[in-house]
Amino acid sequence: FVANRISIILKLTVSEQRHHVASKQNPADLVSRGIDPLRLKTCDLWWSGPLYLQQSSVDDCTDNISVESDELFLRELKPPVVSEICALINTFEPLSVINQCSSYMKILRIVAWCKRFLHNSLNPLHPTRGTLTTSELSQALLCVVRNVQ
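If you read the sequence shown in the working numbering, its first letter stands for residue 31, the second for the next number, and so on.
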């Protein structure tokens with residue numbers, strides 16, 4: 031999120047247009063550091079912004095930290111984080127739910143709901159909702175039969 035904003039700022043501005051904002055003058059830092067809501071209610075920095083924004087010239091009010099190069103901004107750009115998720119399924123062992131239930135329909139419904147959960151987890155943009163369909167129950171039956179053979 032921050033990296034996207036930084037790259038947009040770098041594309042749309044030149045280094046002379048950017049200024050360093052000290053943490054003490056940055057309203058966003060108040061919330062990210064956990065300011066008390068009662069104190070936030072009366073905090074001028076939060077409601078009015080830093081003092082230099084209320085002045086006529088930004089150069090007179092900001093810190094004398096040069097932002098000549100894009101180095102400060104480029105440090106914020108981080109490589110994308112790639113997470114790998116692995117699910118290990120033991121296919122040689124029958125479904126454990128079979129040994130815990132005495133009702134055939136209950137087993138089918140549990141397996142069907144588990145399969146729907148898996149489907150919805152893998153397809154969050156197109157989740158299946160509502161009551162179980164006959165097709166889902168048939169697929170659950172095939173799953174149970176394959177696991178007990």
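Even glycine gets a Cβ: it sits at the ideal position worked out from N, Cα and C. As the structure is a prediction and not an experimental result, all values here were calculated from the model.
So residue i packs on residue j, CB below 8 Å; how close in whole Å?
i      : j      : result
Leu-70 : Leu-60 : 7 Å
Gln-84 : Ser-78 : 7 Å
Between the alpha carbons of residue i and residue j, how many angstroms are there, rounded?
i       : j       : result
Arg-176 : Thr-161 : 24 Å
Arg-146 : Gln-130 : 20 Å
Ile-137 : Cys-144 : 11 Å
Val-141 : Cys-173 : 8 Å
Ser-168 : Ile-39  : 54 Å
Leu-17  : Asn-153 : Summary: the structure shown does not reach residue 17, with the chain confined to residues 31 through 179, and so no result is reported for it.
Asn-150 : Arg-159 : 9 Å
Phe-122 : Glu-166 : Confidence at Phe-122 is low in this model, with a pLDDT of 49, below 50, so its placement is unreliable and no value can be given for it.
Arg-35  : Ser-62  : 17 Å
Leu-148 : Ser-37  : 36 Å
Asp-66  : Ala-52  : 21 Å
Met-135 : His-156 : 27 Å
Ser-133 : Ser-126 : 14 Å
Thr-72  : Leu-42  : 34 Å
Gly-64  : Val-44  : 33 Å
Nearest by alpha-carbon distance to residue i: which of the options is it?
i       : options                            : result
Gln-179 : Val-51, Ile-39, Pro-80 and Ile-128 : Ile-128
Pro-80  : Pro-57, Asn-153 and Cys-131        : Pro-57
His-49  : Tyr-82, Ser-37, Asp-74 and Tyr-134 : Tyr-82
Thr-163 : Leu-148, Arg-139 and Ala-52        : Arg-139
Lys-54  : Gly-64, Gln-85 and Leu-75          : Leu-75
Count the other CB atoms within 10 Å of the CB of residue i; is the residue buried (16 or more) or exposed (fewer)?
i      : result
Glu-46 : exposed
With a threshold of 8 Å between beta carbons, is residue i in contact with chain D?
i       : result
Ser-165 : You won't find chain D in this structure, because it holds only one protein chain.
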